[in-house]
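Each remark here refers to the structure printed beneath this line.
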Amino acid sequence: MKERFTLVKSLPKRAQVNEQETWNLKTLFENEQDYEKAVKDAEMESTAFEKNYKGTIIDSTSAIQALDAYRSLQEKLVKISSYAELAASVDLTNDEAQMRESKFGSIAAKIASQTSFVMSELTALSEETLQQASKQSEEYATVFDKIIREKPHQLHPEVEKTLAAFSSSFQAPYSLYNTTKMADINFPDFTADGKVYPLSYVSFEGKWESEPKTPVRRAAFETFSNTLRTYQHTTAKTYDMHVQMEKTTSDLRGYDSVIDYLLMEQDVDRSMYNRQIDVIMEELAPHMRKYAKLLQKIYNLDEMTFADLKMPIDPVYEPSITVEESKKYMHDALAVMGNDYLDMVNRAYSERWIDFAQNEGKSTGAFCASPYGNGSFILISWTGSMEDVFVLAHELGHAGHFYYANEAQNLFNSESSLYFIEAPSTMNEMLMANHLLKNSDDPKFKRWVLSSIVARTYYHNFVTHLLEAAFQRKVYERVDAGGNVNATILNELKRGVLEEFWGDSVKINDGAELTWMRQPHYYMGLYPYTYSAGLTISTEMAKRVLDEGEPAVEDWLHTLRAGGSKKPAELAKMAGIDITTDKPLRDTISYIGGLIDDIEKLTKEIEAQ
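Position in the sequence shown (first residue = 1) + 116 = my numbering.
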């Protein structure tokens with residue numbers, strides 16, 4: 117008779133979790149009636165806006181007046197859409213929440229169609245008029261400058277209106293992906309060494325993928341991959357629909373490629389994008405292969421496989437952390453950021469910005485949503501590992517960024533480019549790691565901390581997401597050449613990228629090629645490569661903060677307050693970092709190599725004891 121493993125329980129229903137472990141969406145709307153009223157008010161305001169402003173944008177003054185009214189409407193829509201999306205994200209099995217989100221998607225598309233004339237009429241203004249408007253209104257200067265840049269790609273007003281009306285449909289692939297992933301896929305239990313273990317997306321990514329016991333870890337990987345494989349064709353078709361729509365849009369707007377179209381939104385040129393992928397693929401790979409070999413030696417494995425790469429170097433030094441205990445870690449690690457920043461962190465706990473609960477149907481991974489003027493909402497499934505502490509510090513970095521940006525900027529200027537967006541979050545991971553390092557002389561603990569930095573911060577952001585970016589670039593190159601993708605092609609592309617990076621140091625076992633199915637980032641434009649871009653900036657910034665203290669912190673907070681009012685290169689420059697060259701990237705890769713060398717030295721020291 118098989119022994120059933122009971123330490124990891126099946127996930128509860130959303131209604132069964134402790135309310136104190138959930139976020140408080142009542143700060144957005146007290147109840148459903150308030151939400152419905154806000155939706156109706158927004159619909160009425162949109163109709164009135166169209167009636168009052170359509171056809172009136174003829175000069176710089178009327179342009180500014182129209183943007184004032186448009187901004188007011190958009191601020192209301194941000195709050196409404198956030199409520200609908202956040203309520204759905206914590207339970208994809210909740211029909212009411214899913215229908216609310218879908219219904220608002222249709223309403224938002226209608227409003228987008230009604231208000232599409234704003235950009236069309238602004239774009240129709242002469243460049244001279246737009247430049248004049250930019251000088252007249254410092255508040256909207258960024259908006260007018262962006263309109264000037266995108267002027268050549270604006271379509272006829274009626275075409276823009278039609279595209280806006282289909283905006284909800286354009287989101288369908290992403291919704292379908294999430295539904296397939298979180299509502300339809302049911303993972304069976306898996307067996308290892310005569311014991312039966314429960315499996316889910318959350319438990320695999322939060323526990324089994326990094327399980328120290330090799331038979332358990334590999335069995336989990338095999339069962340997880342076999343289950344994903346069952347859904348590969350549907351998921352591939354969903355992804356192909358998404359990239360084909362992006363290709364059609366980029367062609368309609370006259371871009372040379374999908375990549376150029378998506379980079380326009382980020383204010384990033386092609387060379388910065390390609391450099392981030394090419395340099396890491398070539399120069400970080402040797403360091404990470406060395407790290408993989410070190411893991412293989414520590415665990416005495418006959419071969420190192422892809423399923424083994426998330427193993428912790430020191431599993432016995434993985435403390436169990438409660439939510440309450442995490443508060444002290446956040447306070448101590450982030451204290452260098454100043455009292456105002458710490459106050460924001462404390463509010464995140466006391467005002468229930470954070471959804472800690474593990475429950476059936478909840479979105480995997482973690483994210484931070486910061487609807488303008490309404491605080492932040494952080495999703496995380498708390499497992500009690502130290503990794504959760506790093507993840508929460510990461511998401512609080514996003515919250516801190518928008519806390520300052522939303523306070524200093526208007527809605528249109530608050531969100532920075534995707535290229536920069538991950539810098540504040542990974543900065544907090546660096547501060548957490550350095551806090552842990554400086555508070556211990558124990559070589560085993562120091563090795564554990566260093567390995568956490570490599571395995572959590574850098575592996576996740578510089579390897580996992582960067583390999584996604586290399587894969588994504590190959591997909592878009594194929595689409596730009598007129599091709600489509602299916603499961604076979606996506607599997608081949610993903611396996612090729614993994615083999616190129618890991619060489620003969622890691623066996624790319626069956627199932628590794630299916631990791632393209634696990635990330636929603638592919639439905640968010642050129643998002644994956646920005647993790648390494650942000651971490652490049654934050655690595656350099658963390659060095660400054662640790663070396664210089666308060667002056668560097670003030671530079672950083674000043675940069676955060678700038679939000680999206682500056683381009684990524686300008687934001688980095690405000691922080692004292694020049695990302696127009698490859699020096700920060702190569703310095704960061706060298707830093708990672710140094711961490712791995714330190715882990716190797718500590719390993720020898722520990723073995724000699």
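Here a beta-carbon is modelled for each residue, glycine too, at the ideal position from N, C-alpha and C.
Close-in-space but distant-in-sequence residues of the same chain around residue i (CB under 8 Å, 5 per side omitted)
i    : result
F220 : V155, I196, S197, A200
S556 : K562, V565
Q230 : S162, T163, F165, E166
T122 : With a pLDDT of only 33 at T122, under 50, the local geometry of the prediction cannot be trusted, and the value read off the model is given with reservation. The answer is none, since no qualifying residue turns up.
I496 : I470, D471, F472, A482, D504, V507, L508, E511
G500 : S436, I437, T438
M736 : There is simply no residue 736 to check, as the chain begins at 117 and stops at 725 in what is shown.
R611 : I624, A628, E629
L208 : Q214, N294, T295, M298, A299, G477, K478, S479
K409 : M420, S621
Option in the options with minimal Cα separation from residue i
i    : options                : result
A79  : S501, T499, A482, N526 : Only positions 117 to 725 of the chain appear in this structure, which leaves residue 79 out of reach.
A423 : R463, E721, P331, E161 : P331
G650 : Q190, E467, R634, Y535 : Y535
Y256 : V359, Y186, L553, R594 : Y186
L279 : S706, R369, D157       : R369
T719 : D694, G477, I393, Y415 : Y415
E159 : D698, L673, E254, A224 : A224
D385 : D713, E721, V432, A685 : A685
F145 : Q725, L193, A668       : L193
S319 : D309, P540, N302       : N302
A548 : N529, I569, D558       : The sequence as given places Met at residue 548; Ala does not occur at that position. Residue I569 is the option with its Cα nearest to M548.
E608 : T631, A597, S466       : T631
Y169 : E237, Q190, I227       : E237
L189 : L711, K251, E212, V234 : V234
N550 : F493, K659, R589       : K659
Residue i classed as buried or exposed, judged by whether at least 16 other C-beta atoms fall within 10 angstroms
i    : result
T364 : exposed
H510 : buried
S157 : The sequence shown places Asp at residue 157, not Ser. Per the 10 Å Cβ criterion, exposed.
N148 : Reading the sequence as shown, one finds Glu at residue 148 and not Asn. So E148 ends up on the exposed side.
G171 : exposed
G491 : buried
M388 : buried
H447 : exposed
T735 : Residue 735 lies beyond the range of the chain shown here (117 to 725); nothing can be said about it.
T98  : Shown here, the chain extends from 117 to 725; a query on residue 98 therefore has no answer.
Q214 : buried
P304 : exposed
E243 : exposed
D300 : exposed
R120 : Only weak support is given to the placement of R120: the predicted model assigns it a pLDDT of 29, under 50, and the value that follows is read from those uncertain coordinates. It is exposed - the Cβ of R120 has fewer than 16 other Cβ atoms within 10 Å.
T346 : exposed
D383 : buried
K184 : This sequence places Asp at residue 184; Lys is not what is there. Classification for D184: exposed.
L425 : buried
L711 : buried
L417 : exposed
H403 : buried
I715 : buried
M460 : buried
Cβ shell of residue i (< 7 Å), same chain only, five flanking positions each side left out
i    : result
Q635 : E584
D175 : T245
Q725 : none
A731 : The requested residue 731 is not part of the displayed model; the chain covers only 117 to 725.
T351 : Y293, T296, M633
Y371 : H269, Y377
6 Å CB neighbourhood of residue i in its chain, flanking five on each side removed
i    : result
I695 : A685, A688
P128 : N475
A571 : none
CB contact below 7 Å: residue i versus chain C
i    : result
D698 : Of the protein chains in this structure there is only one, and it is not chain C.
**OP:** Kindly confirm or deny that the stretch 606-624 and the stretch 270-278 touch, where touching means at least three C-beta pairs closer than 8 Å.
**Re:** Taking a cut-off of 8 Å for Cβ pairs, the stretch 606-624 and the stretch 270-278 do not touch, as fewer than three such pairs fall below it.
Original post:
At a cut of 8 Å, does the stretch 666-679 reach the stretch 516-534 through at least three beta carbon pairs?
Top reply: Because the criterion of three Cβ pairs below 8 Å is met, the stretch 666-679 and the stretch 516-534 touch.
**OP:** List in chain order: all unbroken beta strand (DSSP E) runs of 3+ residues lying wholly within the stretch 230-278.
**Re:** Counting whole runs of 3 or more residues, the stretch 230-278 contains no beta strand (DSSP E) stretch at all.
Subject >> Touch test, the stretch 124-139 against the stretch 470-477, Cβ-Cβ under 8 Å, three pairs minimum >> reply: Pairwise C-beta distances place the stretch 124-139 in contact with the stretch 470-477, as three or more of them are shorter than 8 Å.
**OP:** Could I get the ranges of all uninterrupted beta strand (DSSP E) runs contained in the stretch 137-181, with 3 residues as the minimum, in chain order?
**Re:** Restricting attention to beta strand (DSSP E) runs no shorter than 3 residues, the stretch 137-181 encloses none.
Original post:
Touching or not, the stretch 287-295 and the stretch 349-364, by the rule of three or more beta carbon pairs under 8 Å?
Top reply: With the rule of 3 Cβ pairs closer than 8 Å, the stretch 287-295 counts as touching the stretch 349-364.
Original post:
Is the stretch 322-338 touching the stretch 395-411 in the sense that three or more CB pairs, one from each, lie closer than 8 Å?
Top reply: Contact check between the stretch 395-411 and the stretch 322-338: fewer than three CB pairs, one atom from each, fall below 8 Å, which does not count as touching.
Original post:
Per the contact definition of three or more C-beta pairs closer than 8 Å, is the stretch 542-556 in contact with the stretch 591-610?
Top reply: At 8 Å Cβ cutoff, the stretches do not touch.
Original post:
Along the chain, which unbroken stretches of the alpha helix (DSSP H) at least 4 residues long are found entirely within the stretch 514-545?
Top reply: Counting whole runs of 4 or more residues, the stretch 514-545 contains the alpha helix (DSSP H) stretches 527-530, 534-537.
Original post:
For the 8 Å Cβ check, are there 3 or more pairs between the stretch 437-454 and the stretch 333-351?
Top reply: No contact exists between the stretch 437-454 and the stretch 333-351.
Subject >> Any alpha helix (DSSP H) of 4 or more consecutive residues that is wholly inside the stretch 283-332 >> reply: The stretch 283-332 contains, as complete alpha helix (DSSP H) runs of 4+ residues, the segments 283-286, 288-295, 317-322 (chain order).
Original post:
Can you give, in chain order, each stretch of the alpha helix (DSSP H) that sits fully within the stretch 631-676 and has at least 4 residues?
Top reply: Whole alpha helix (DSSP H) segments, 4+ residues: 644-664.
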